[in-house]
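Enquirer:
There are 2 protein chains.
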Amino acid sequence: MNIVLLSGGSGKRLWPLSNDVRSKQFIKIFKSKGSEYESMVQRVYHQIREVDKDAMVTIATSKAQVSAIHNQLGDHVGICVEPCRKDTFPAIALVTSYLHDIKNMSEEEVVIVCPVDPYVENNYFEELRELEKLVEREDSNLVLMGIEPTYPSEKYGYIIPIEKGKVSRVTEFKEKPDAVKAEEYISQGALWNGGVFAYKIGYVLKKAHELIEFTDYNDLYSKYDTLNKISFDYAVVEKEEKIQVMRFMGQWKDLGTWNTITEAMEEKIVGNVMVNETCENVHIINELDIPMLCMGLQDVVISASPDGILVSDKEQSSYIKPYVDQIDQQIMFAEKSWGIYRVLDVEEESLIIKVTLKPGEKMNYHSHNRRDEIWAIISGKGRTFVDGMEQSVQAGDVVTMQAGSRHMIIADTELKVIEVQLGREISIYDKQKFVPEK
Amino acid sequence: MNIVLLSGGSGKRLWPLSNDVRSKQFIKIFKSKGSEYESMVQRVYHQIREVDKDAMVTIATSKAQVSAIHNQLGDHVGICVEPCRKDTFPAIALVTSYLHDIKNMSEEEVVIVCPVDPYVENNYFEELRELEKLVEREDSNLVLMGIEPTYPSEKYGYIIPIEKGKVSRVTEFKEKPDAVKAEEYISQGALWNGGVFAYKIGYVLKKAHELIEFTDYNDLYSKYDTLNKISFDYAVVEKEEKIQVMRFMGQWKDLGTWNTITEAMEEKIVGNVMVNETCENVHIINELDIPMLCMGLQDVVISASPDGILVSDKEQSSYIKPYVDQIDQQIMFAEKSWGIYRVLDVEEESLIIKVTLKPGEKMNYHSHNRRDEIWAIISGKGRTFVDGMEQSVQAGDVVTMQAGSRHMIIADTELKVIEVQLGREISIYDKQKFVPEK
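This is the structure in structure tokens:
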């Protein structure tokens, strides 16, 4: 199979575990057969591999996620980077031309586009093979997966099939309805739109050229920021006449909110948490290094990270987004391919950061115009380069850098560093990168 | 009036805002007429002053609290320090002999001993004058304040008076009963024992000499650690025949648990907290510098500090103590007379601390045997002394100290310092103090 995973999302609905640099698909809260926690993207990727070890998987995502994807899935996964965010039609057009022009796939090749975050069993991915076969049979240009509804949700679009069989042509699409309408659709045999699209490369390229003027992948990439934001559903799916839907009746959960994600957690408590016996139906994730004590709570989700603390009734947690939009909080924590950084203290004219570099990793060679920095090594061994001068460092060593001085650090073992930033305008944008002098 | 405030308590029932160095009476959560938050001890102290501006107030407490008391009440409040904790009889004996031998009060002087944490209006302190008068009239050796019960509490001892009038002789004392017994006592006119004792200095000195062999205050102080732990109620009150109780019918709350303390908070939210409109009867104190979002909660108290996070149903919060006893958490935060320290990061072989010194304040001149230290100044101006060498410092300066080297820092303005501690056995006990060389 040739699967494209759309990995988007600012992840505000899972605040404070997700933020602008850590989307929800990277949060490690699922326990698989082994004992390690895995993230949504890891779970889905492993499931695809189990069903089809030769599957070609390409992740369509933004630049901001590339480092997290490599960190979680390794260096060999295919990634198609969107230069900026433009909704699903431009994204699918870009990844399709990427597969055609860069990966040299033929126009006859079938692609299955899938969200990165369905919480499903392996049978879901086995069903994707059926979609592939339906596309190959050429009865239709597009085949969707329709999820058998379990309740009249107002969160999903509905697909109205002509027949009630496993595979059917589609009469109509309905945008998110109210509960009464949803009930009505379901009584007519409607299905949820699960965001899965199967098509031949040539079909989507044709649609893309109809709507966008471009020559090839590189050209499309270079003008990506000028494209209109438009969804694939609106631009293509709802206008297509030769379209089929395949009914999926297995377990399917859309883990977009705390309420749904907690249903999928095998362990109710993650982190340093004490819960007394009067708590019921409580899920807690504490990523802070301080203890949490919970008593007498019912139907509550609690999530604490260096970015903030959420305490919410589970049902209410679905309405989190507008509140999180109001929180203008510096990102306090990030997991990168090279390691971890965490903000320890924020003052008007200083910022204290703890950086943990993996063995062999390094920072870019860079400088700042408007801040001085101090590194205090607290564990490990490595080498610093300041204005071209190399120095071996280990726990207890201190290196000071004036504004303008070029610097980097290489970890020979795991290396932990306290970085003190000092200046009036401390900003992540005040960074100039250089090629090391040697 | 001559009032002794007993300021004890490890404060575990108000975890995580109270800890071994910050007892509950020092948490600033009360808004008074002004706009500043004040603590229990500040509130009580100001109330006494309002009722009797010439009142002599002495606080009987442990060494650990002296700095916090001066910090909150200023340098002029009287403090009688207990060398160690020995329950209320030794504490009252010590402070009484302190008033007699050190403050030269006569044996005829009336002393009113009061807990430091009743949440009351000024009329409570006005009533203390009546206690004083009753003692002076010499109808009895001891006069107690009995609180008119509002419900059959199992938390308090009960005083059974002979008559139902304002002042009565006492028939009997009852230890904390069950609710059924409590109901029975109340129907007989019983009062809660509010922990207030009024007596003449000579009376308690006589009782003290009967039970403890000592000559004077200094002698008692020096043998304090050998005394038995015993309560004043048990050692004196319950054995006394010439005893009266005065009924207090005003507002009185014992703010010993989160449940009761939230009832006294004028503002339901303290700190960086967002609460949606579906929350009801929720009290939140967030002392962390990260945002908190609460949704759909009812009857819950949340309290977050650098020591930990409590999320509890209000009623359940009364049962916190055994859980907190299980938490073996380093103290992450302390407010001292010289300023504030906060632990930012804890690793196996390092500890990162942020120290904020008030202008003019300083650390002791000291050294450590088993750790190196680094100071990075992040704001303000001051002077460091390392092995006798003075150096002016300001933001951006770094000072390194090897194990064994003697050091101190003086703040000329408010001074903020990141202290990096490095070593295998970092402990607060690894500290040797010295007199500065100059």
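Protein chains in written order, with my numbering: chain R, 1 to 438; chain X, 1 to 438.
No residue lacks a Cβ here, since even glycine has one placed at the ideal position from N, Cα and C.
Quick caveat: nothing in here was measured; it's all calculated off a predicted structure.
(1) Throw me the rounded Cβ distance for the R/Pro161 and R/Gly195 pair, which I believe falls under 8 Å.
(2) Would a check of beta-carbon distances place X/Val393 closer than 8 Å to chain R?
(3) Can you give me the C-alpha to C-alpha distance between R/Leu134 and R/Glu148, rounded to a whole angstrom?
(4) Is DSSP giving R/Thr58 helix, strand or coil here?
(5) What are the start and end residues of the alpha helix (DSSP H) that includes X/Met40?
(6) Using a Cβ cut-off of 8 Å (strictly closer), state whether R/Gly388 contacts chain X.
(7) Report the partner residues of X/Gln169 according to the DSSP bridge assignment.
(8) Assign R/Cys84 to one of two classes, buried (16 or more other C-beta atoms within 10 Å of its C-beta) or exposed (fewer than that).
(9) Give me the Cα-Cα distance between R/Leu288 and R/Leu144, rounded to the nearest whole angstrom.
(10) Who pairs with R/Tyr158 in a beta bridge, going by DSSP?
(11) Threshold first: 4 residues or longer. Then list the alpha helix (DSSP H) segments lying entirely within the stretch 310-334 of chain X, N to C.
(12) From this set, X/Gly423, X/Gln421, X/Asp387 and X/Ile426, which residue's C-alpha is nearest X/Met408's C-alpha?
(13) Is X/Trp375 helix, strand or coil when you go by DSSP?
(14) Could you work out which residue in R/Val393, R/Ala182 and R/Trp375 is closest to R/Ile418 when comparing CA atoms only?
(15) If you run the structure through DSSP and keep just helix, strand and coil, what is X/Asp412?
(16) Spell out whether any CB of chain R is found under 8 Å from the CB atom of X/Ala304.
(17) If we define contact as Cβ-Cβ less than 8 Å, is X/Thr384 a contact residue for chain R?
(18) Give the residues from the stretch 407-418 of chain R that approach chain X closer than 8 Å (Cβ to any Cβ), ordered along the chain.
(19) Buried or exposed: which applies to R/Glu127, given that a residue is buried once 16 or more other Cβ atoms fall within 10 Å of its Cβ?
(20) Spell out whether any CB of chain R is found under 8 Å from the CB atom of X/Asp325.
(21) Can you list the residues of chain R that X/Met295 reaches, using a CB-CB cut of under 9 Å?
(22) Beta-carbon of X/Gly396 versus every beta-carbon of chain R: anything under 8 Å?
(23) Quick one: is the Cβ of R/Val343 within less than 7 Å of any heavy atom of the ligand SAM?
(24) Using the three-state DSSP reduction, which class does R/Pro152 fall into: helix, strand or coil?
(25) Please report the straight-line C-alpha distance between X/Ile331 and X/Ile428, rounded to a whole angstrom.
(26) Out of X/Ser312, X/Cys294 and X/Val324, state which residue places its alpha-carbon closest to the alpha-carbon of R/Pro322.
(27) State whether the stretch 296-304 of chain X contacts the stretch 298-315 of chain R, with contact taken as three or more CB pairs (one from each stretch) at a distance under 8 Å.
(28) Looking at C-alpha atoms only, which residue of R/Glu36, R/Gln72, R/Val77 and R/Val66 is the closest neighbour of R/Lys53?
(29) Please classify X/Lys86: does DSSP put it in a helix, a strand, or coil?
(30) From the DSSP output, read off the bridge partner residues of X/Gly146.
(31) Flag R/Val357 as yes if its beta-carbon sits less than 8 Å from any beta-carbon of chain X, otherwise no.
(32) Cα-Cα, which of R/Ser367, R/Ala403, R/Asp412 and R/Ser392 is closest to R/Val435?
(33) Between R/Val57 and R/Ile3, how many whole angstroms is the CB-CB distance? I'm expecting something under 8 Å.
(34) Go to X/Gly296, then tell me how far its alpha helix (DSSP H) extends in each direction, as first and last residue.
(35) With a threshold of 16 other CB atoms inside 10 Å of the CB of R/Gly74, please say whether the residue is buried or exposed.
(36) What is the C-beta distance between X/Phe248 and X/Tyr124, in whole angstroms, given that I count them as a contact (C-beta under 8 Å)?
Expert: From the atom records:
(1) The sequence position of residue 161 of chain R within the first sequence is 161, counting from 1. The sequence position of residue 195 of chain R within the first sequence is 195, counting from 1. Incorrect: roughly 17 Å between the Cβ atoms, too far for contact.
(2) On the second sequence, position 393 is the one that residue 393 of chain X refers to. With 8 Å as the cut-off, X/Val393 does not count as an interface residue toward chain R.
(3) Here residue 134 of chain R refers to the residue found at position 134 of the first sequence. Here residue 148 of chain R refers to the residue found at position 148 of the first sequence. Approximately 19 Å, taken between the alpha carbons.
(4) Taking the first sequence and counting its residues from 1, one reaches residue 58 of chain R at position 58. Reduced to three states, the DSSP call for R/Thr58 is strand.
(5) If you number the second sequence from 1, residue 40 of chain X lands on position 40. Met40 to Val51 is the extent of the alpha helix (DSSP H) around X/Met40.
(6) Walking along the first sequence from the start, residue 388 of chain R turns up at place 388. Not closer than 8 Å to any Cβ of chain X, the Cβ of R/Gly388 fails to qualify, so no.
(7) Here residue 169 of chain X is taken as the residue at index 169 of the second sequence, counted from 1. Checking the sequence, you will find Arg at residue 169 of chain X rather than Gln. For X/Arg169, which the question treats as bridged, DSSP gives the partners X/Gln244.
(8) Position 84 of the first sequence holds residue 84 of chain R. Exposed.
(9) Translated into positions along the first sequence, residue 288 of chain R becomes position 288. Translated into positions along the first sequence, residue 144 of chain R becomes position 144. Their Cα atoms are separated by approximately 42 Å.
(10) To locate residue 158 of chain R, count along the first sequence from 1; it is residue 158. In the DSSP output, where bridge partners are listed per residue, R/Tyr158 has R/Lys174 and R/Trp192.
(11) 321-326
(12) Position 408 of the second sequence, counted from the start, is the residue given in the question as residue 408 of chain X. Nearest of X/Gly423, X/Gln421, X/Asp387 and X/Ile426 to X/Met408, Cα basis: X/Asp387.
(13) Walking along the second sequence from the start, residue 375 of chain X turns up at place 375. Strand, per DSSP.
(14) Position 418 of the first sequence, counted from the start, is the residue given in the question as residue 418 of chain R. It is R/Trp375.
(15) In the second sequence, counting from the first residue as 1, residue 412 of chain X sits at position 412. Coil at X/Asp412, not helix or strand.
(16) On the second sequence, residue 304 of chain X is found 304 positions in, with the first residue counted as 1. By this cut-off, X/Ala304 is an interface position.
(17) Start at 1 with the first residue of the second sequence, and residue 384 of chain X comes out as number 384. No, its Cβ sits nowhere closer than 8 Å to a Cβ of chain R.
(18) Lys416 and Ile418
(19) For the purposes of this step, residue 127 of chain R is identified with residue 127 of the first sequence, where counting begins at 1. Looking at its Cβ environment, which holds 16 or more other Cβ atoms inside 10 Å, R/Glu127 is buried.
(20) Counting from one through the second sequence, the residue named residue 325 of chain X turns up at place 325. No - not a single Cβ of chain R is within 8 Å of the one on X/Asp325.
(21) To locate residue 295 of chain X, count along the second sequence from 1; it is residue 295. Leu310, Val311, Ser312, Asp313, Gln316, Ser317, Tyr319, Ile320 and Tyr323, listed in chain order.
(22) Locating residue 396 of chain X in the second sequence gives position 396, counting from the first residue. So, interface residue.
(23) The ligand SAM is not part of the structure shown, which contains no ligands of any sort.
(24) Along the first sequence, read from residue 1 onward, the residue named residue 152 of chain R stands at position 152. The answer is coil: DSSP assigns R/Pro152 none of H, G, I, E or B.
(25) Here residue 331 of chain X is taken as the residue at index 331 of the second sequence, counted from 1. Here residue 428 of chain X is taken as the residue at index 428 of the second sequence, counted from 1. Between X/Ile331 and X/Ile428, the C-alpha separation is close to 11 Å.
(26) Mapped onto the first sequence, residue 322 of chain R falls at position 322. For the residues X/Ser312, X/Cys294 and X/Val324, the minimum Cα distance to R/Pro322 belongs to X/Cys294.
(27) yes
(28) Here residue 53 of chain R corresponds to residue number 53 of the first sequence, with the count starting at 1. Checking every option, the nearest Cα to that of R/Lys53 belongs to R/Val77.
(29) Position 86 of the second sequence, counted from the first residue, corresponds to residue 86 of chain X. Note: X/Lys86 maps to coil in three-state DSSP.
(30) Numbered from its first residue, the second sequence carries residue 146 of chain X at position 146. The partner list for X/Gly146 (beta bridge, DSSP) reads X/Asn193 and X/Arg247.
(31) Residue 357 of chain R sits at position 357 when you count from the first residue of the first sequence. One detail in the question is off: residue 357 of chain R reads as Leu in this sequence, not Val. So, not an interface residue.
(32) Here residue 435 of chain R refers to the residue found at position 435 when the first sequence is read from its first residue. It is R/Ser367 whose Cα lies nearest to the Cα of R/Val435.
(33) As a position in the first sequence, residue 57 of chain R is number 57, starting the count at 1. As a position in the first sequence, residue 3 of chain R is number 3, starting the count at 1. The pair is a contact, with the Cβ atoms about 5 Å apart (cut-off 8 Å).
(34) Counting from one through the second sequence, the residue named residue 296 of chain X turns up at place 296. Counting along the chain, X/Gly296 falls outside any alpha helix (DSSP H), and DSSP gives it neither H nor E.
(35) For the purposes of this step, residue 74 of chain R is taken as the residue at position 74 of the first sequence. Exposed is the call here.
(36) Residue 248 of chain X sits at position 248 when you count from the first residue of the second sequence. Residue 124 of chain X sits at position 124 when you count from the first residue of the second sequence. That pair is a contact at about 7 Å.
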